[in-house]
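So the structure is just underneath, and the comments pick up after that.
In the working numbering, the protein residues as written are 7 to 273.
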């Protein structure tokens, strides 16, 4: 069973081993995601060119695919990257940003899942429901649903694609298609800062890079986010200062902070 101890153990391992995390991600969040990975103890690479994917993925511990700002060239790089990662036994996490908002986003995410090699999908409730074919509304890249509403969709998606699904929300939901865990913590400010979901995906990617258990890595990655959110809220005056304090929190959080601020439960 996973617990707060699982969260801290993986945080400590990331800090101790500084895994390389390769991200094919959207240009809105590249800087903030890279800073978050560095503060958490990982080493980020942000690269999209097909010509260097094989070399970079081979030296990386995990690959992050984020569809936030799509183009035909980036879609091809994501497909190629997932294939190279699978061939080299590297875990891949997919962030289906805005799935359900446009056909391009939804179909790109689904095609990446269909082609295989995805270990974890991390999205908000509306994105996960859209991928599962159960969502009825979306609001761009923001969720119109609570994470609890997406639990059945997450289970179905995990079973269909044999992957782990993590749903962000006031209470995060993580499942491998059988067991379901909830992760409580964080801050309401997290919904007011651009890229928090993308950072969550990258942090989960860092945890996947140091763990052979993608389920445990997804739970601990979300727990790390929850603790950082709780710490940042206390030190901030609003969304602007929260964003800065969040990066600091990733760097300075302790085992005691995890025990105080994060609740991990099996459903």
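The beta carbon of each residue, even a glycine, is placed where N, CA and C say it ideally should be.
Predicted model, so just to flag it, every value in this text is computed and none were measured.
CA nearest to the CA of residue 158, picked from 88, 99 and 181: 181
Should the region 117-136 be called in touch with the region 234-242, which here means at least 3 C-beta pairs below 8 Å? no
Does the pairing of the region 62-69 with the region 26-46 give three or more beta-carbon distances under 8 Å? yes
Assess, as a yes-or-no matter, whether the region 172-180 is touched by the region 35-45 under the definition of 3 or more beta carbon pairs within less than 8 Å. Contact fails: fewer than three Cβ-Cβ distances are below 8 Å.
Whole-angstrom distance between residue 47 and residue 22, CA atom to CA atom: 8 Å
Output the distance between the C-alpha atoms of residue 293 and residue 256, rounded to the nearest integer angstrom. Nothing about residue 293 can be read from this structure; the chain reaches only from 7 to 273.
Residue 187 - DSSP class collapsed to helix/strand/coil: strand
Cutoff 8 Å; reference residue 55; Cβ partners in own chain excluding five residues on either side: 83
Quick one: what does DSSP say residue 178 is sitting in, helix, strand or coil? strand
For the alpha helix (DSSP H) containing residue 219, name the first residue and the last one. It is not in any alpha helix (DSSP H) - residue 219 carries neither H nor E in the DSSP assignment.
Coil, strand or helix - residue 226 by DSSP: helix
Assuming residue 115 and residue 102 form a contact by the criterion Cβ under 8 Å, report the distance between their Cβ atoms to the nearest whole angstrom. 4 Å
Can you list, in chain order, the stretches of the beta strand (DSSP E) that have 3 or more residues and sit fully within the region 96-134? 98-101 and 126-130
So, under 8 Å CB-CB, residue 164 and residue 183 are touching, yes? Tell me the CB distance rounded to an integer number of Å. Correct: roughly 4 Å between the Cβ atoms.
Checking 9 Å against the spacing of the C-beta atoms, do residue 7 and residue 273 come in under that value? no
Tell me whether residue 207 sits in a helix, a strand or coil according to DSSP, three-state version. In the structure shown, residue 207 sits in a helix (DSSP, three-state: H, G or I).
Does the distance from the C-beta atom of residue 73 to that of residue 62 stay below 9 Å? Going by C-beta atoms, residue 73 is not nearer than 9 Å to residue 62.
Work out the CA separation of residue 80 and residue 148 for me, nearest whole Å. Its pLDDT being 46, under 50, residue 148 is placed unreliably by the model, and nothing is read from it.
Going by the DSSP bridge assignment, what does residue 29 pair with across the sheet? 52 and 70
So, residue 261 versus residue 189, is the Cβ gap smaller than 9 Å? no
Measuring straight from C-alpha to C-alpha, what distance separates residue 108 and residue 229? 30 Å
Proximity to residue 120 [Cα-Cα], best of 267, 224 and 168: 168
Could you check if residue 33 is buried or exposed, using at least 16 other CB atoms within 10 Å of its CB as the buried criterion? Residue 33 is exposed by the Cβ-count criterion.
Where DSSP assigns a beta bridge to residue 172, which residues make up the other side? 128 and 180
Comparing C-alpha positions only, which one of 203, 199 and 224 sits nearest to residue 211? The shortest Cα separation from residue 211 among 203, 199 and 224 belongs to 224.
Go through its chain and collect everything with a Cβ distance to residue 186's Cβ below 6 Å, but skip five positions before and after it. Non-local beta-carbon contacts of residue 186 in its own chain, meaning distances under 6 Å to residues more than five positions away in sequence, involve 273 in chain order.
Straight-line Cα distance separating residue 123 from residue 98: 7 Å
Got a sec, what are the start and stop residues for the beta strand (DSSP E) residue 269 sits in? 269-272
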